Amino acid sequence: MTAAFYIAAFVAIVATFLAVSRHNAVHALLYLVVSLLSLALIFLLLGAPFVAALEVIIYAGAIMVLFVFVVMMLSMGPKTKGGERQWLTPSVWIGPAILVSILLAELLYVADAAPFPNGYVAQVPPREVAMSLLGPYLLGVELVSMLLLSALIGAYHLAYHLGWRQASKKGGAAP
Amino acid sequence: MNFPILFEQAMMLAGILFCLGLVGVLVRRDAIFVLLSLEVMLNAAGLAFVVAGARWHQADGQVMFLFILGVAAAEVSLGLALVLWLYHWHKTVDIDRASSMRG
Chain W
1218 MTAAFYIAAF VAIVATFLAV SRHNAVHALL YLVVSLLSLA LIFLLLGAPF VAALEVIIYA
1278 GAIMVLFVFV VMMLSMGPKT KGGERQWLTP SVWIGPAILV SILLAELLYV ADAAPFPNGY
1338 VAQVPPREVA MSLLGPYLLG VELVSMLLLS ALIGAYHLAY HLGWRQASKK GGAAP
Chain P
3 MNFPILFEQA MMLAGILFCL GLVGVLVRRD AIFVLLSLEV MLNAAGLAFV VAGARWHQAD
63 GQVMFLFILG VAAAEVSLGL ALVLWLYHWH KTVDIDRASS MRG
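Residue numbers (this note's numbering), protein chains in the order written: chain W, 1218 to 1392; chain P, 3 to 105.
Given below as structure tokens:
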């Protein structure tokens, strides 16, 4: 179990680093899917099977499909590649990187010598999550549903005016 | 059922993933990569919640992960719609081109 956790954590870190550092958007999305799948494995090892399933279905499924749709719609050429390389020279980032790595080492040292005892994780079954979700957190569920509804209306508004502008530019009638 | 996974190491993994996403937001100028890095950051926060919930044997961590999932879905749909607008106006997805407000 511990070895599986370390391997999955290593894969997650490497895949995430590659995802945020690629220049090709499709390659980055594929690496991000690998990272999300390894995080789903970690959730499974942590004893949260319901969360692991949601991670695969919603993050690696629905949200990544949205990203792929937008990348396909934009069809960016090679002119957008390498825009960061013009200003991101080592003389810019080497100073802040050294300072931040000192802070990171300090943070890891403090976390290792934490005052609370070193504990093991245990499984929380999905039944308990469901009882908590529809019991004391019912108001939160309603708020999330209202947030999703407002996001739906906002996305519809943006897409409606985008289509209107393109139709009027072509000389067609506004919908 | 106890798993020999230490709480601190899982939290360190969440911290490292969050820092990677933060570096992506700060460094990348492509709007799609900025949204992708935001997803990484939200996901790392969710991992921290689930790890803490497993450590103290409470279901609250997983409930918070579900809420974060809803927020991430709403954020990414609106963000990608705005990316389409940016591409429509400027014919690029470079967010430095959209640094000034209009009106």
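Where is the CB? At the ideal position from N, CA and C, for every residue including glycine. Quick caveat, the model's predicted, so the values are computed rather than measured.
Coil, strand or helix - residue i by DSSP
{"i": "W/Leu1305", "result": "coil"}
{"i": "W/Val1237", "result": "helix"}
{"i": "W/Ala1339", "result": "strand"}
{"i": "W/Leu1351", "result": "coil"}
{"i": "W/Gly1389", "result": "Residue placement at W/Gly1389 is flagged as unreliable, the pLDDT there being 49, under the threshold of 50; the coordinate-derived value follows with that caveat. Note: W/Gly1389 maps to coil in three-state DSSP."}
{"i": "P/Leu2", "result": "Beyond the ends of chain P as shown, which are 3 and 105, falls residue 2 of chain P; an answer cannot be given."}
Beta-carbon spacing of residue i, residue j below 8 Å
{"i": "P/Phe9", "j": "W/Val1338", "result": "yes"}
{"i": "P/Ala61", "j": "W/Ser1349", "result": "yes"}
{"i": "W/Val1288", "j": "P/Val25", "result": "no"}
{"i": "W/Leu1291", "j": "P/Val95", "result": "yes"}
{"i": "P/Leu19", "j": "W/Thr1219", "result": "no"}
{"i": "W/Leu1324", "j": "P/Ser79", "result": "no"}
{"i": "P/Gly23", "j": "P/Leu40", "result": "yes"}
{"i": "P/Leu86", "j": "W/Leu1379", "result": "yes"}
Whole-Å CB distance - residue i paired with residue j, under 8 Å assumed
{"i": "W/Leu1253", "j": "W/Glu1272", "result": "6 Å"}
{"i": "P/Leu112", "j": "P/Ala33", "result": "This structure gives no information on residue 112 of chain P, because the portion of chain P shown stretches from 3 to 105."}
{"i": "P/His92", "j": "P/Ala100", "result": "7 Å"}
{"i": "P/Ala56", "j": "W/Leu1263", "result": "5 Å"}
{"i": "W/Ala1270", "j": "W/Val1250", "result": "With a Cβ gap of about 16 Å, W/Ala1270 and W/Val1250 do not count as contacting."}
{"i": "W/Ala1372", "j": "P/Ala83", "result": "5 Å"}
{"i": "W/Val1346", "j": "W/Phe1260", "result": "So it is not a contact: roughly 12 Å between Cβ atoms."}
{"i": "P/Val36", "j": "P/Val27", "result": "6 Å"}
{"i": "W/Ser1256", "j": "W/Ala1229", "result": "For the sequence presented, residue 1256 of chain W should be read as Leu rather than Ser. That pair is a contact at about 6 Å."}
{"i": "W/Ala1226", "j": "P/Leu15", "result": "5 Å"}
Under 7 Å by beta carbon: chain W residues contacting residue i
{"i": "P/Ala83", "result": "Ala1372, Leu1375 and Ala1376"}
{"i": "P/Met14", "result": "Leu1325 and Ala1328"}
{"i": "P/Arg104", "result": "In chain order: nothing, as chain W lies at least about 14 Å away."}
{"i": "P/Ala47", "result": "Under the 7 Å cutoff, chain W gives no residues; its nearest Cβ is about 12 Å from P/Ala47."}
Cα-Cα separation between residue i and residue j, rounded to whole angstroms
{"i": "P/Met112", "j": "P/Val53", "result": "Any question about residue 112 of chain P goes unanswered here, given that chain P covers just 3 to 105."}
{"i": "P/Cys21", "j": "W/Leu1351", "result": "33 Å"}
{"i": "W/Ala1328", "j": "W/Leu1320", "result": "12 Å"}
{"i": "W/Pro1343", "j": "W/Ala1265", "result": "7 Å"}
{"i": "W/Leu1235", "j": "P/Trp58", "result": "33 Å"}
{"i": "W/Trp1310", "j": "W/Leu1316", "result": "10 Å"}
{"i": "P/Gly63", "j": "W/Gln1303", "result": "42 Å"}
{"i": "W/Leu1355", "j": "P/Val65", "result": "11 Å"}
{"i": "W/Phe1222", "j": "P/Leu38", "result": "24 Å"}
{"i": "W/Leu1360", "j": "W/Ser1367", "result": "11 Å"}
Contacts that residue i makes with chain W (C-beta to C-beta distance below 8 Å)
{"i": "P/Leu80", "result": "Ala1368, Gly1371, Ala1372 and Leu1375"}
Contacts of residue i in chain P (Cβ-Cβ under 8 Å)
{"i": "W/Thr1233", "result": "Leu19, Leu22, Gly23 and Val42"}
{"i": "W/Val1228", "result": "The premise fails here: W/Val1228 is roughly 11 Å from chain P at the closest Cβ pair, so nothing lies under 8 Å."}
Where residue i meets chain W, residues with beta-carbon distance less than 9 Å
{"i": "P/Ser101", "result": "Result: empty, since nearest Cβ-Cβ is about 14 Å, beyond 9 Å."}
Cross-chain neighbours of residue i in chain A, by beta carbon under 7 Å
{"i": "W/Val1361", "result": "Judged by its chain identifiers, the structure shown contains no chain A, and its protein chains are W and P."}
Contacts of residue i in chain P (Cβ-Cβ under 9 Å)
{"i": "W/Val1250", "result": "The premise fails here: W/Val1250 is roughly 11 Å from chain P at the closest Cβ pair, so nothing lies under 9 Å."}
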